[in-house]
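Undergrad:
There are 2 protein chains.
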Amino acid sequence: MFNCISIKGGIVSVKGFYCDGISIGLKPNNELDLAFIRSSKPCNISYLFTTNRFKAAPLQYVEQNKIEQCDFILINAKNANAMTGKEGLADVEEIMQACKEKLGVQYPLMSSTGVIGVRLPKQRIIDGLQKFDLKAKNSTHASYAIMTTDRYPKEVAFEVTLSSGEKFTIAGIAKGAGMIDPAMATMLCFIVTDAKVPKEMMKPLLQKHAKTTFNAISVDGDRSTNDSIFLMSLGESAYEEEAFEFALHKVMEYLALKIVSDGEGAKKMVAFEVVGAKDDKEAQKAAKKLSNSLLVKTALFGEDPNWGRIASTIGSSGIECYEEKLQIYFDSLLVYDKGKVYFDAQMEQKAAQVMQQKSFKILCNIGVGNGAFTAYGCDLGHEYVKINSDYRT
Amino acid sequence: MFNCISIKGGIVSVKGFYCDGISIGLKPNNELDLAFIRSSKPCNISYLFTTNRFKAAPLQYVEQNKIEQCDFILINAKNANAMTGKEGLADVEEIMQACKEKLGVQYPLMSSTGVIGVRLPKQRIIDGLQKFDLKAKNSTHASYAIMTTDRYPKEVAFEVTLSSGEKFTIAGIAKGAGMIDPAMATMLCFIVTDAKVPKEMMKPLLQKHAKTTFNAISVDGDRSTNDSIFLMSLGESAYEEEAFEFALHKVMEYLALKIVSDGEGAKKMVAFEVVGAKDDKEAQKAAKKLSNSLLVKTALFGEDPNWGRIASTIGSSGIECYEEKLQIYFDSLLVYDKGKVYFDAQMEQKAAQVMQQKSFKILCNIGVGNGAFTAYGCDLGHEYVKINSDYRT
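Residue numbers (this note's numbering), protein chains in the order written: chain A, 1016 to 1408; chain B, 1016 to 1408.
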């Protein structure tokens, strides 16, 4: 038994963590564009990186140096430092060296988001380090600094009280799958905790819960060169596996769904729940295909209860399915039932009402097995095209 | 040796074929919406259908009746007759029976495009049969009648003269991957020939040439319940394998590229040529991923020479690739060369000029093997969103 409550303060609600965001002119209009997350002493750190073969230089740095301890994460917006070759990696090394020398941190690492294929404004970043107040506790500023086309910052924190009365805290910030002028849709997530989570458990837990949270969301189906989830554990408070997993999942789920809701130009978030598939893998395949389908996404934008596009997408997803076994629901409204055409004007009106909501569920029962998966997606409208076709300059 | 020349007349340039398009009120404003293709005597017919598990009723009719001979194809727009269950199939059977009785044809089949999940206006179609002039030779009217969101009809014909002096003709019409208010992006293609192509060669040849033509194009990455390619062969003229394959490929390539150019809202057509992949399959995987990427498609729309999105899409396509081996060209302009950042303002300007063209090539040399594939795609802009989000009513 444990008790998990939402608390304010974002990352700095966890004792021993400091963070802030400042402006060094990477974004226009003095917007915040450089952030740090610092811990009072070295943390265990684990991470999940993009599966893109062209990992950005800061990710290569972490992997090549086999970083397992960390007391400082530097995060810049506007430049992904991806496809920048050896020079890009050398830039990271130089900046990390400057962090050690100028800020006195021991195990720094770096995370970047922004345009691909352009060298980092290295000197500006190094000069910016001096402006950091390392004692700052401003999670919201850090959340703002890592934003690109996000419309709002994303932060969350939970305090967990174990049955023994002991407590731990876990918190995170994230930026969304929005493209920066005009690089890739990068997703960055930083989670910190004071729980004494065993080092060897960190990666498996991240992987397990990423599957149903960050890996279940989709804004445009592309995978960035920079996507990262970091988990920093200070290990000074209590730990209990069940409670920690619960809270970690809550943090990841909250941030992942915030990212979908804030998808570029998105007006609504939709849960695509596929049940009754042959197995979970087939359910996932169909659910992800639905959340990525342009035809489905534009129908969501148009609030058009076009279940035919849902059906056709299921049919083309490559999973085992039969017209006479398929059921489709919009929330609790059954719109297609096993091969019978009975979608009339009245039902269409009801279905359209479901679609006018900011958030709703499309449930597909494949009717062949017990596989289930829920993917989360958003609509695609003019704003998406506008954001992504605007010329960089 | 043979000589292949483009001729006018579309489908009816092939002796023994008749076709027309009429209006029966399926589309508004008396637009043409019902077409037929008729041959003077039964033809051998072969076809390729969508891989969507939910095949439309007219496709089920062809498969269930194992149709190998055909003298009449009836084509309606505005209703796909898909996801309509047993009733949908019964509708096709009834209409086919009416064709036999009222028009005296022996082996009719049917092809539909339009909204999914709504019963066919069966009686209206049956009544419409009476209005057909079976001696009509109007390929353009037929091409118009099968259009949905297509902006122009698509027809082509070639006359091939063999070294012996004998001739054959091959011609086709197609409709594009445009969505009809608001069903799936259906692609229909009808090819007719008088060449004496051996029956057993028809399907293998269709499959072989579909791979590099229709299966290489992409408008939105979705696969309809109704996609079909039909090949009717009257078998009264000469045949020579090499010449026939050449001409068949030309017909399929012409119509496939016309469909991409006329993709919904598309302003430009782009050939994504991937070379140097581990094998052809990997090249195809990367090329198709490029032609389907929302980020790439919106960059094309914005005429933004954003090679970073191209690189990142290659990297996330799952193929073997390395930053230090990759080269990216816009037409003949090298914009990325094996890990070196050298894309400057001058080059950007040149690249932007390439992108302002109506048609150009993006070539990616993966640098690891000899695999090659070219996929064809188009840009995605506001018009696409408009067409696909407009409410049906």
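Each residue gets a CB set at the ideal place from its N, CA and C atoms; glycine is no exception.
1. Quick check: what's the CA-CA separation for B/I1206 versus B/F1259?
2. Using a cut-off of 7 angstroms between C-beta atoms, extract the partners of A/F1375 located in chain B.
3. Thinking C-beta only, is B/R1068 closer than 9 angstroms to A/E1335?
4. Thinking B/I1037 and B/I1088 are a contact (beta carbons under 8 angstroms), I'd like their distance in whole angstroms, please.
5. Give the list of continuous alpha helix (DSSP H) stretches no shorter than 4 residues that lie fully inside the region 1157-1234 of chain B.
6. What are the start and end residues of each continuous beta strand (DSSP E) run of 3 or more residues lying completely inside the region 1091-1128 of chain B, in chain order?
7. Step through the CB atoms of chain A and report whether any lies within less than 9 angstroms of the CB of B/S1038.
8. Mind checking whether B/L1270 and B/A1210 have CB atoms under 9 angstroms apart?
9. Kindly say whether B/N1380, judged by its beta-carbon, lies nearer than 9 angstroms to any beta-carbon of chain A.
10. Show which residues of chain B have a CB atom less than 7 angstroms away from the CB atom of A/K1355.
11. Determine the extent of the beta strand (DSSP E) in which A/P1057 is found, giving its start and end residues.
12. Of all the CB atoms in chain A, is at least one closer than 9 angstroms to the CB of B/H1156?
13. Only counting the same chain, and skipping five residues up and downstream in sequence, which positions put a Cβ closer than 6 angstroms to that of B/A1281?
14. Within a Cβ cutoff of 6 angstroms, which residues of the same chain sit near B/N1018, ignoring the five residues on either side of it in sequence?
15. Pairs of beta-carbons, one from the region 1251-1267 of chain A and one from the region 1017-1031 of chain A, closer than 8 angstroms: are there three or more?
16. Using the C-alpha atoms, what's the distance from A/S1126 back to A/K1115?
17. Hey, would you say A/Y1417 sits closer than 9 angstroms to A/S1061, going by beta carbons?
18. For B/C1336, which residues in chain A fall below 8 angstroms Cβ to Cβ?
19. If you measure between the beta carbons of B/C1204 and B/A1301, is that distance less than 9 angstroms?
20. Any chance you could list the alpha helix (DSSP H) runs of at least 4 consecutive residues sitting entirely within the region 1237-1306 of chain A, in chain order?
21. What number of angstroms, rounded off, separates the C-alpha of A/I1195 from the C-alpha of A/T1163?
22. Rounded to the nearest angstrom, what separates A/A1229 and A/M1267 at their Cα positions?
23. DSSP on A/I1141, reduced to helix/strand/coil?
24. Please give me, in chain order, every unbroken run of the alpha helix (DSSP H) with length at least 4 that falls completely inside the region 1295-1382 of chain A.
25. Whole angstroms are fine: how far does the CA of A/F1316 sit from the CA of A/E1398?
26. Do you know whose CA, among A/F1147, A/I1232, A/T1066, lies nearest A/K1304's CA?
27. May I ask which residues mark the beginning and end of the alpha helix (DSSP H) holding A/S1404?
28. Within 9 angstroms of any Cβ in chain A, is that where the Cβ of B/N1403 sits?
29. Count the other CB atoms, across all protein chains shown, that sit within 10 Å of the CB of A/K1283; report buried if there are 16 or more and exposed otherwise.
30. Please name the residue, chosen from B/I1131, B/A1360, B/K1093, B/V1285, that lies closest to B/D1346 on a Cα-to-Cα basis.
31. Can you check which of these residues, A/M1202, A/K1056, A/N1044, A/N1045, is closest to A/E1251 by C-alpha distance?
32. Measure the beta-carbon distance from B/A1071 to B/A1095 and round it to whole angstroms, keeping in mind my assumption that it falls under 8 angstroms.
33. Within its chain, find whatever has a CB closer than 7 angstroms to the CB of B/E1046; leave out the 5 residues flanking it on each side and keep chain order.
34. In the structure shown, what three-state DSSP assignment does B/S1021 receive?
35. With 9 angstroms set as the bound, which would you pick, yes or no: does the beta-carbon of A/A1302 sit closer than that to a beta-carbon of chain B?
36. Compare the C-beta of A/A1225 against all C-beta atoms of chain B and say whether one is closer than 9 angstroms.
TA: A quick look at the data gives this:
1. Here the question's residue 1206 of chain B lines up with position 191 in the second sequence. Here the question's residue 1259 of chain B lines up with position 244 in the second sequence. Rounded to the nearest whole angstrom, the CA to CA distance from B/I1206 to B/F1259 is 13 angstroms.
2. As a first step, residue 1375 of chain A must be located in the first sequence, where it is residue number 360. Listed along chain B, no residue sits closer than 7 angstroms to A/F1375 by beta-carbon distance, the nearest being about 17 angstroms off.
3. As a position in the first sequence, residue 1335 of chain A is number 320, starting the count at 1. As a position in the second sequence, residue 1068 of chain B is number 53, starting the count at 1. Yes, Cβ-Cβ distance for A/E1335 and B/R1068 is below 9 angstroms.
4. To locate residue 1037 of chain B, count along the second sequence from 1; it is residue 22. To locate residue 1088 of chain B, count along the second sequence from 1; it is residue 73. Wrong, their Cβ atoms sit about 15 angstroms apart, outside the cutoff.
5. 1214-1227
6. 1123-1127
7. Within the second sequence, the letter at position 23 stands for residue 1038 of chain B. So, not an interface residue.
8. Residue numbering aside, residue 1270 of chain B sits at position 255 when the second sequence is read from its first letter. Residue numbering aside, residue 1210 of chain B sits at position 195 when the second sequence is read from its first letter. Taking 9 angstroms as the Cβ cut-off, B/L1270 and B/A1210 do not qualify as a contacting pair.
9. Residue numbering aside, residue 1380 of chain B sits at position 365 when the second sequence is read from its first letter. Not closer than 9 angstroms to any Cβ of chain A, the Cβ of B/N1380 fails to qualify, so no.
10. Here residue 1355 of chain A refers to the residue found at position 340 when the first sequence is read from its first residue. Neighbours of A/K1355 on chain B, chain order: G1100.
11. The residue labelled residue 1057 of chain A in the question sits at position 42 within the first sequence. Looking at the DSSP string, the run of the beta strand (DSSP E) that includes A/P1057 is 1049-1064.
12. Position 141 of the second sequence holds residue 1156 of chain B. Chain A, which has no Cβ nearer than 9 angstroms to the Cβ of B/H1156, makes this no.
13. Translated into the one-based positions of the second sequence, residue 1281 of chain B becomes position 266. Answer for B/A1281: C1393, D1394, listed in chain order.
14. Counting from one through the second sequence, the residue named residue 1018 of chain B turns up at place 3. Only T1176 meet the Cβ criterion.
15. yes
16. The residue you call residue 1115 of chain A lines up with position 100 of the first sequence. The residue you call residue 1126 of chain A lines up with position 111 of the first sequence. About 16 angstroms.
17. With chain A covering 1016 to 1408 only, the question about residue 1417 of chain A has no answer from this structure.
18. Locating residue 1336 of chain B in the second sequence gives position 321, counting from the first residue. Ordered by position in chain A, the residues that pass the 8 angstroms Cβ test against B/C1336 are R1068, F1069.
19. Residue 1204 of chain B sits at position 189 when you count from the first residue of the second sequence. Residue 1301 of chain B sits at position 286 when you count from the first residue of the second sequence. With respect to B/A1301, B/C1204 sits apart: the two C-beta atoms are not nearer than 9 angstroms.
20. 1256-1276
21. Here residue 1195 of chain A corresponds to residue number 180 of the first sequence, with the count starting at 1. Here residue 1163 of chain A corresponds to residue number 148 of the first sequence, with the count starting at 1. Only weak support exists for where A/I1195 lies, its pLDDT of 32 falling under 50; the value from the coordinates is given anyway. If you take the alpha carbons of A/I1195 and A/T1163, they lie about 5 angstroms apart.
22. The residue labelled residue 1229 of chain A in the question sits at position 214 within the first sequence. The residue labelled residue 1267 of chain A in the question sits at position 252 within the first sequence. Note that residue 1229 of chain A corresponds to Phe in the displayed sequence, not to Ala. Straight-line Cα distance between these residues: approximately 7 angstroms.
23. Here residue 1141 of chain A corresponds to residue number 126 of the first sequence, with the count starting at 1. The DSSP-derived three-state label of A/I1141 is helix.
24. 1295-1307, 1309-1316, 1322-1330, 1360-1370
25. Here residue 1398 of chain A refers to the residue found at position 383 of the first sequence. Here residue 1316 of chain A refers to the residue found at position 301 of the first sequence. Distance between the alpha carbons of A/E1398 and A/F1316 is about 11 angstroms.
26. Residue mapping note: residue 1304 of chain A aligns to position 289 of the first sequence, counting from 1. Comparing Cα-Cα distances from A/K1304 to each of A/F1147, A/I1232, A/T1066, the minimum goes to A/I1232.
27. Taking the first sequence and counting its residues from 1, one reaches residue 1404 of chain A at position 389. Unbroken alpha helix (DSSP H) run through A/S1404: 1397-1404.
28. Within the second sequence, numbered from 1, the residue matching residue 1403 of chain B stands at position 388. It does; some Cβ of chain A falls within 9 angstroms.
29. For the purposes of this step, residue 1283 of chain A is taken as residue 268 along the first sequence, with counting starting at 1. Label assigned to A/K1283: buried.
30. Mapped onto the second sequence, residue 1346 of chain B falls at position 331. Checking every option, the nearest Cα to that of B/D1346 belongs to B/V1285.
31. What you label residue 1251 of chain A is simply residue 236 of the first sequence in a count that begins at 1. With respect to the C-alpha of A/E1251, the residue from A/M1202, A/K1056, A/N1044, A/N1045 having the closest C-alpha is A/K1056.
32. Against the second sequence, residue 1071 of chain B aligns to sequence position 56. Against the second sequence, residue 1095 of chain B aligns to sequence position 80. With a Cβ gap of about 5 angstroms, B/A1071 and B/A1095 count as contacting.
33. Taking the second sequence and counting its residues from 1, the one referred to as residue 1046 of chain B is at position 31. The answer, listed in chain order, is S1038.
34. Here residue 1021 of chain B refers to the residue found at position 6 when the second sequence is read from its first residue. Strand at B/S1021.
35. Taking the first residue of the first sequence as position 1, residue 1302 of chain A is located at position 287. Chain B contact via Cβ: absent.
36. If you number the first sequence from 1, residue 1225 of chain A lands on position 210. At a cut-off of 9 angstroms, the C-beta of A/A1225 has no neighbouring C-beta in chain B.
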